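S.K.: Note that my numbering has the sequence shown beginning at 44, numbered continuously upward. Built from N, CA and C at the ideal position, the CB exists for glycine as well. Quick caveat: nothing in here was measured; it's all calculated off a predicted structure.
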Amino acid sequence: MKKDCILVGISGASGSGKTLVAQTLYNSLGSGKAVYLQEDSYYKDLAHLPVEGRTHINFDHPNAFDHQLLIKHIKDLLQGKAIEYPIYDYTTHTRKRETLKIEPNKVIILDGILILSIKEIREIVDIKIYVDTPPDICLIRRLQRDIKERGRSLDSVVRQYQETVRPMFLQFIEPSKRFADIIITHGGENKAAIDIVQSKLENFIK
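#1: Thinking just about the alpha-carbon of each residue, which of Arg-209, Lys-61 and Tyr-131 is nearest to the one in Ala-90?
#2: Select from His-110, Ile-167 and Lys-171 the residue whose C-alpha is nearest the C-alpha of Gln-122.
#3: Keeping to the same chain, check which residues put their C-beta closer than 8 Å to that of Ile-117; ignore five residues upstream and five downstream.
#4: At the level of alpha carbons, what is the spacing between Arg-184 and Tyr-133?
#5: So what does DSSP say about Tyr-133, is it helix, strand or coil?
#6: Which residues share a DSSP beta bridge with Asp-175?
#7: Nearest to Ile-145 by CA position, among Leu-120, Gln-214, Thr-137 and Ile-156, is which residue?
#8: Using only alpha-carbon positions, find the residue among Asp-47, Ser-84 and Asn-148 that is nearest to Glu-141.
#9: Pick out whichever of Thr-137, Lys-139, Ala-56 and Met-211 has its Cα sitting closest to the Cα of Ile-180.
#10: In the DSSP output, what is Glu-127 paired with across the bridge?
#11: In chain order, what residues of the same chain have a beta carbon less than 7 Å from the beta carbon of Ile-161, not counting five sequence neighbours either side?
#12: Using 8 Å as the cut-off, can you tell me whether the region 68–82 makes contact with the region 234–245, which would need three or more C-beta pairs spanning the two stretches below that distance?
#13: Would you identify the three-state DSSP class for Ile-248, choosing helix, strand or coil?
#14: Could you give the residue range of the beta strand (DSSP E) that holds Ala-77?
#15: Grab me the residues of Ile-190's own chain with a C-beta within less than 7 Å of its C-beta, minus the 5 sequence neighbours each way, in chain order.
#16: If you draw a straight line from the alpha carbon of Thr-67 to that of Ser-54, how long is it in whole angstroms?
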């Protein structure tokens with residue numbers, strides 16, 4: 044299927060710094076050479092549920108995501124086809140009507156908590172990266188993000204972490220580390236590890 048492009052998958056706990064790693068790689072390569080996808084954009088649309096009911100969904104379980112659509116979009120890009128990338132509203136837990144058209148490119152960068160846990164995704168990823176960060180750091184980062192960017196209260200973030208985030212990390216995310224080709228510690232602050240991956244991708248492009 045793949046001849047002219049390479050798929051990089053970056054996984055790790057929520058708040059591990061995987062998105063910073065992905066964005067650093069994407070920015071270093073530039074939009075002319077790479078495309079960037081986030082698993083979070085493929086959350087299922089919960090518009091059919093009452094607003095109160097949406098808050099009780101386990102957003103860290105594989106069932107919360109439309110992985111089949113994500114897999115289709117990845118395969119389309121690998122085959123040289125453009126995709127209509129979904130836009131997710133975290134404050135309402137719904138998918139917006141508008142989409143973002145993304146054209147294929149030499150490098151596809153994908154980040155998400157479960158991409159190494161899902162066999163269908165894992166099998167088509169060329170470079171599998173796991174960002175390994177201490178749980179306390181992940182929790183602090185998640186608190187800061189969800190309160191500032193997603194309009195959440197402190198109590199709701201802590202409750203969600205205890206009820207679903209940590210249990211799902213132990214069940215699905217941490218075990219997927221064994222599938223990684225590269226384990227990056229310290230997240231986006233590990234410049235040496237990121238530079239190694241970047242160099243490999245630049246060599247592939249050349």
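M.R.: Once the coordinates are examined:
#1: Tyr-131
#2: Comparing Cα-Cα distances from Gln-122 to each of His-110, Ile-167 and Lys-171, the minimum goes to Ile-167.
#3: Leu-50, Leu-80, Ile-151, Leu-153, Ile-164 and Ile-167
#4: Cα-Cα distance, rounded: 17 Å.
#5: coil
#6: Thr-228
#7: Leu-120
#8: Ser-84
#9: With distances taken between Cα atoms, Ile-180 lies closest to Ala-56.
#10: Lys-144
#11: Pro-105 and His-110
#12: yes
#13: helix
#14: 77–81
#15: Leu-197 and Val-200
#16: So the two alpha carbons sit approximately 15 Å from each other.
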